[in-house]
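Participant: My structure is below; once you've seen it, I'll send some questions.
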């Protein structure tokens with residue numbers, strides 16, 4: 001019985017890591033969809049979100065099952081509750097990739113991103129990938145020390161978003177209202193994606209150490 | 001011991017209801033801040049968010065405590081896990097009110113909302129209040145039937161947001177980039193506030209019936 005229990009706990013971790021992989025793929029494809037007006041990539045992100053949602057549901061079902069049958073306490077209890085939070089964050093990261101893909105789909109065959117902003121958006125996409133890859137690694141290795149780095153990694157994303165907004169607000173910005181809206185929202189979705197990745201890492205710190213990192217927000 | 005347990009469960013419900021009250025107050029004041037460029041209201045929303053966060057943390061601590069000491073199963077377990085989700089949604093609703101208040105603060109002493117959009121935004125604020133009040137009522141009365149109404153109540157919010165975006169995209173829209181950004185984001189924050197209220201209601205349905213409502217999203 002104890003063995004099945006620990007197998008189930010491991011399976012929980014495995015599903016979380018799989019979610020980080022899917023979220024990474026989703027944000028990478030969403031960035032392609034956005035920059036290249038690639039409708040196929042956009043559709044793939046939108047329909048692929050089901051897989052992330054299914055894993056989230058499996059984690060929730062597994063948490064119920066573990067709680068009901070094993071009545072875990074102390075560290076195991078913290079692990080299970082924390083896994084539930086991480087799963088929620090990763091599910092939201094998938095949603096943000098979908099929101100970005102939908103901007104691309106709405107503007108197809110045009111690109112929603114004016115050419116002079118492509119490099120900033122590309123970098124935001126890369127930063128988002130970096131954050132989710134790192135979140136996956138710290139979960140896989142239960143590495144609370146590296147997990148603490150994500151907060152400053154995310155500063156880069158916040159800087160990129162501010163740069164994006166400054167460009168929109170500059171007198172040189174000559175694009176229309178639709179572009180202004182699309183870029184504003186896309187910027188926000190990347191930023192939120194990053195926030196959730198930081199939150200996954202913060203939860204890992206709490207899972208491993210029992211201490212909440214400084215500035216830990218109840219929800220990202 | 002059993003009595004303390006049920007007292008703690010009741011306290012959990014009481015905290016959730018208190019969170020709906022605070023979230024309602026926050027969104028009402030944020031709407032005032034936005035429409036009237038009322039800096040005092042904006043600051044109040046921003047600093048008041050701590051109270052919502054504290055309740056969320058108390059709920060989380062109480063859930064841990066209940067799990068560890070009482071090892072609940074079946075219905076009680078579902079109640080506790082669901083309360084944790086609701087708390088997360090309500091905490092996010094407070095954050096969205098803060099985001100709106102920060103738009104108001106950034107544009108002070110100007111109003112971020114051009115006069116011709118005031119009535120739409122006011123109506124979005126009222127709809128947000130209606131949704132969170134109703135969410136509080138269904139939680140208080142464990143009323144799964146009324147809870148199912150929130151989804152269509154929220155359609156009204158979605159319609160208002162679409163109306164807002166149509167106005168921004170119309171040829172008559174003569175305001176600058178900054179207004180376009182502010183209105184775009186404010187519209188999204190109201191919409192998200194509504195989504196989370198629906199999610200609280202969906203979770204109440206699940207808590208009471210054990211069945212997830214149609215179109216139940218893992219996270220709002």
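Residue numbers (the UniProt record's numbering), protein chains in the order written: chain G, 1 to 220; chain U, 1 to 220.
All C-beta atoms in this analysis are idealised placements derived from N, C-alpha and C, irrespective of residue type, glycine included.
Computed from a predicted structure; not experimentally measured.
1. Under 7 angstroms Cβ-Cβ, which residues of chain U neighbour residue 184 of chain G?
2. Short of 8 angstroms in beta carbon distance, which residues of its chain neighbour residue 221 of chain U, apart from the five on each side in sequence? Order them along the chain.
3. Using a Cβ-Cβ distance under 7 angstroms, would residue 101 of chain G count as near chain U?
4. Taking residue 64 of chain U as the query, report the chain G residues whose CB atoms sit under 8 angstroms from its CB, ordered along the chain.
5. Less than 6 angstroms between C-beta atoms, sequence neighbours within five positions excluded: which residues of the same chain meet that for residue 46 of chain G?
6. Listing by chain order, which chain U residues have their CB less than 7 angstroms from the CB of residue 169 of chain G?
7. Quick one: is residue 23 of chain U near chain G, going by C-beta distance under 7 angstroms?
8. Using a Cβ-Cβ cut-off of 7 angstroms, state whether residue 70 of chain G counts as contacting chain U.
9. Determine the closest residue to residue 80 of chain U out of U:212, U:65 and U:91, with distance taken between C-alpha atoms.
10. Is it buried or exposed for residue 31 of chain U, if we count other Cβ within 10 angstroms and need 16 for buried?
11. Unbroken alpha helix (DSSP H) runs of length 4 or more, entirely within the region 92-119 of chain U: which are they?
12. Taking the C-alpha atoms as reference points, what is the distance between residue 1 of chain U and residue 9 of chain G?
13. Please determine, among U:25, U:15, U:21 and U:69, the residue with the shortest C-alpha to C-alpha distance to residue 4 of chain U.
14. Mind pulling the chain G residues with CB within less than 9 angstroms of residue 74 of chain U?
15. Between the alpha carbons of residue 166 of chain U and residue 186 of chain G, how many angstroms are there, rounded?
16. Taking the alpha helix (DSSP H) that residue 187 of chain U belongs to, which residues open and close that run?
17. Would residue 197 of chain U and residue 148 of chain U be called neighbours here (beta carbons separated by less than 7 angstroms)?
18. For a minimum of 4 consecutive residues, which ranges assigned as the alpha helix (DSSP H) are wholly contained in the region 24-84 of chain G?
19. Would you check if the distance between the CB atom of residue 139 of chain G and the CB atom of residue 12 of chain G is smaller than 7 angstroms?
20. Considering only C-alpha positions, which residue in the set U:60, U:193 and U:34 is nearest to residue 108 of chain U?
21. Under DSSP, the alpha helix (DSSP H) around residue 169 of chain U begins and ends at which residues?
Facilitator: Considering the structure as presented:
1. 181, 184 and 185
2. Outside the displayed range of chain U (1 to 220) lies residue 221 of chain U, so it cannot be described from this structure.
3. no
4. 77, 78 and 81
5. 98 and 101
6. 177 and 178
7. no
8. no
9. U:65
10. buried
11. none
12. In this prediction, residue 1 of chain U has a pLDDT of 49, which is less than 50 and means its spatial position is unreliable; nothing more can be read from the coordinates.
13. U:69
14. 68
15. 19 angstroms
16. 177-209
17. no
18. 39-70
19. no
20. U:34
21. 150-169
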